[in-house]
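First up is the structure itself, then whatever we jot down about it.
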Amino acid sequence: TPELLFRPSDIGLDQAGLAELVAQAVSATMPDLHEALYSNVLLTGGNALFPGLKDRLEADLRQLAPIDYTVQVRTAADPILAAWRGASHFADG
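Numbering of the sequence shown is given in my numbering, commencing with residue 1187 and proceeding in unit increments.
Below, the structure is given as structure tokens:
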């Protein structure tokens, strides 16, 4: 997997990595949603096609999530178009 997605500090960027960003996003929601969100992470976009990305993100999130939560990361069937299709369905009402 592209390590920079998980450790941007390797090239001098003072930013959180992908797993930390997901954990921050979950933490920004109502606590009652946290368990459901950790068990329903969906990868979309071209980066979702990197070999090993799903497994690496799932392993890193497992370390950040509460021990009693299920952590599950899925990759969209067509990750490149999934976000567009979802937005299209949303816009159609």
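Cβ coordinates follow ideal geometry from the N, Cα and C atoms, glycine included. Predicted model only: the values in this text are computed from it and were never measured.
Between which residues of its own chain and Leu1229 is the CB-CB distance below 8 angstroms, once the five residues before and five after are set aside? Walking along the sequence shown from the start, residue 1229 turns up at place 43. Here the set comprises Leu1239, Lys1240, Leu1243, Val1259, Arg1260, Thr1261, Ala1262, Pro1265.
Cutoff 7 angstroms; reference Ile1197; Cβ partners in own chain excluding five residues on either side: Position 11 of the sequence shown, counting from 1, holds the residue named residue 1197. Leaving aside the five residues that flank Ile1197 on each side, the residues in its chain whose CB is nearer than 7 angstroms to its CB run, in chain order, Leu1190.
Of all Cβ atoms in chain D, is any one closer than 8 angstroms to the Cβ of Lys1240? Looking for chain D here will not work: only one protein chain is present.
For Gly1272, count neighbouring Cβ atoms within 10 angstroms of its own Cβ and tell me buried if that reaches 16, exposed if not. Here residue 1272 refers to the residue found at position 86 of the sequence shown. Exposed is the call here.
With DSSP run on the structure shown, which of helix, strand or coil describes Leu1247? On the sequence shown, residue 1247 is found 61 positions in, with the first residue counted as 1. Helix at Leu1247.
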